[in-house]
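All the letters of the sequence shown, read from the start, carry residue numbers 2 to 295 under full-length UniProt numbering. Idealized CB from N, CA, C, for every residue including glycine. Heads up, the thing below is written out as structure tokens.
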Amino acid sequence: YFNEESVVFYNGEFIKATELTTNSYSQSLHYGNGVFEGIRAYQTELGARIFKPYEHYKRLKFGAEVMNIQFDYTEEELTEITYELLERNGLKDAYIRPLITTGQDMSLLTSGETNLIIQCWEWGKYMGDRLLRVKTSQFQRPNPKSCFVEAKVTGHYVNSILSTNEAKKEGYDEALLLDMNGNVAECSGANVFMEKDGKLYTPPRGHIMAGITRSTIIEICKEEGISIEEKHFTLEELKQADACFFTGTAAEVIGLESIDEYQFPLDWKKSHGYQLTKLYKKEVLGQRQKAKAS
Ligand code: PMP
Numbered sequence: 002y003f004n005e006e007s008v009v010f011y012n013g014e015f016i017k018a019t020e021l022t023t024n025s026y027s028q029s030l031h032y033g034n035g036v037f038e039g040i041r042a043y044q045t046e047l048g049a050r051i052f053k054p055y056e057h058y059k060r061l062k063f064g065a066e067v068m069n070i071q072f073d074y075t076e077e078e079l080t081e082i083t084y085e086l087l088e089r090n091g092l093k094d095a096y097i098r099p100l101i102t103t104g105q106d107m108s109l110l111t112s113g114e115t116n117l118i119i120q121c122w123e124w125g126k127y128m129g130d131r132l133l134r135v136k137t138s139q140f141q142r143p144n145p146k147s148c149f150v151e152a153k154v155t156g157h158y159v160n161s162i163l164s165t166n167e168a169k170k171e172g173y174d175e176a177l178l179l180d181m182n183g184n185v186a187e188c189s190g191a192n193v194f195m196e197k198d199g200k201l202y203t204p205p206r207g208h209i210m211a212g213i214t215r216s217t218i219i220e221i222c223k224e225e226g227i228s229i230e231e232k233h234f235t236l237e238e239l240k241q242a243d244a245c246f247f248t249g250t251a252a253e254v255i256g257l258e259s260i261d262e263y264q265f266p267l268d269w270k271k272s273h274g275y276q277l278t279k280l281y282k283k284e285v286l287g288q289r290q291k292a293k294a295s
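Here you go:
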């Protein structure tokens, strides 16, 4: 993720990644009281283009707010810092990881100073390019009455780690998690869509991360006349679907081969999901907007 030359942003300064230190009395380290984001930048003819930075930083600020972490940067300031960080690292195609940590205090009340770290590195498609073999996890997504499921709080990711460890240990690529009511929720780090009889379905907000890729895909579908509905569905219904795919900033759009023992029957290249991998790529590069305008 970094080398001798890598630069990170830390509390108002650009410093060498090798000089960054961790406070061992941080609530983020002990209790998971931190907030983060995952953003991508893409190389275009006009240089690096960060995809939807405002939306990502809005979500970061929402996370800080619900955790009562004092955080005063604006979306515009954060975006500007991020462009400078990319430039200082000589990166155009990059994954960007902002992280807010809380300072020195071992109580269970949010307290201590706030730290902002922004790091970036080159990262290929997080889940690869191959169709995924997915396992339904024994773990459910967190209950929205126990935490703010739409906030990217570091501690929430223990659930993602448990389910990913479980899936990989059993020889699968990724995990699918249900919500507390038994409906399909999402993958450990991505949202889920299924295709049935030419129409797409994705779970509504409530028990899932409100993915920025998810909402981008919904918008693209509406613009391209692909029928899409936000609706709960069960695992049994998913196992009668024609095709299925995950969406996320790190994973982008990635198809599934199977869920548990069930193989999705539709040829991936004939699915809406496949078409959407192409449209999403154009969208992040700013090429769909241009096509629309002309
Ligand atoms: N679900 C979870 C649990 C995630 O961690 C992520 C990644 N932030 C997503 C879905 C996808 O969100 P986005 O498209 O905003 O990256």
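Residue i - DSSP class collapsed to helix/strand/coil
| i | result |
| --- | --- |
| Asn12 | coil |
| Gln264 | strand |
| Phe72 | coil |
| residue 308 | There is simply no residue 308 to check, as the chain begins at 2 and stops at 295 in what is shown. |
| Glu38 | coil |
| Ile209 | coil |
| Leu117 | strand |
| Ile229 | strand |
| Thr277 | This sequence places Leu at residue 277; Thr is not what is there. Note: Leu277 maps to helix in three-state DSSP. |
| Thr22 | coil |
| Leu100 | strand |
| Thr111 | coil |
| Ser216 | helix |
| Tyr2 | coil |
| Gly64 | helix |
| Leu286 | coil |
Counterpart residues of residue i in DSSP-defined beta bridges
| i | result |
| --- | --- |
| Glu196 | Leu201, Ala244 |
| Ser259 | Arg134, Gln264 |
| Ala49 | Gln44 |
| Ser27 | Gln105 |
| Leu87 | Looking at the DSSP assignment, Leu87 forms no beta bridge with any residue, so it has no partner. |
| Lys17 | Val8 |
| Gly249 | Glu253 |
| Thr235 | Asn184 |
| Ala95 | Ala42 |
Legend entry - Ranges of the beta strand (DSSP E) found wholly within the stretch 131-205, counting only runs of at least 3: For the stretch 131-205, whole beta strand (DSSP E) runs of length 3 or above, ordered along the chain, are 133-137, 175-179, 185-188, 192-197, 200-203.
Legend entry - Cβ contact (3+ pairs, closer than 8 Å) linking the stretch 150-158 and the stretch 19-36: Flag = yes, the stretch 150-158 and the stretch 19-36 touch.
Inset, instruction - Could you tell me whether the stretch 105-114 touches the stretch 140-150, where touching means 3 or more Cβ pairs closer than 8 Å? - result: In this structure the stretch 105-114 does not lie against the stretch 140-150, because fewer than three pairs of beta carbons, one per stretch, are closer than 8 Å.
Legend entry - Cβ contact check for the stretch 213-220 and the stretch 242-254: 3 or more pairs under 8 Å: Yes: at least three Cβ pairs fall under 8 Å.
Inset, instruction - Count the C-beta pairs between the stretch 42-53 and the stretch 85-97 that are closer than 8 Å, then say yes if the count reaches three, no if not. - result: Here the stretch 42-53 lies against the stretch 85-97, with 3 or more beta-carbon pairs under 8 Å apart.
Legend entry - Cβ pair count under 8 Å reaching 3, the stretch 255-271 against the stretch 226-244: Short answer: they touch.
Inset, instruction - Could you tell me whether the stretch 177-197 touches the stretch 112-125, using the rule of 3 or more Cβ pairs below 8 Å? - result: When C-beta atoms of the stretch 177-197 are compared with those of the stretch 112-125, fewer than three pairs fall below 8 Å, so the two segments do not count as touching.
Legend entry - Sufficient close CB pairs (3 or more, under 8 Å) joining the stretch 218-225 to the stretch 165-184: When Cβ pairs closer than 8 Å are counted between the two stretches, the stretch 218-225 is seen not to touch the stretch 165-184, the count staying below three.
Inset, instruction - Determine contact between the stretch 2-13 and the stretch 63-75, defined as no fewer than three beta-carbon pairs at a distance below 8 Å. - result: Between the stretch 2-13 and the stretch 63-75, the count of C-beta pairs closer than 8 Å stays below three; the two stretches do not touch.
Legend entry - Segment contact flag, the stretch 56-71 with the stretch 127-135, C-beta cutoff 8 Å, min 3 pairs: Taking one beta carbon from each stretch, the stretch 56-71 and the stretch 127-135 have fewer than 3 pairs nearer than 8 Å; the two do not touch.
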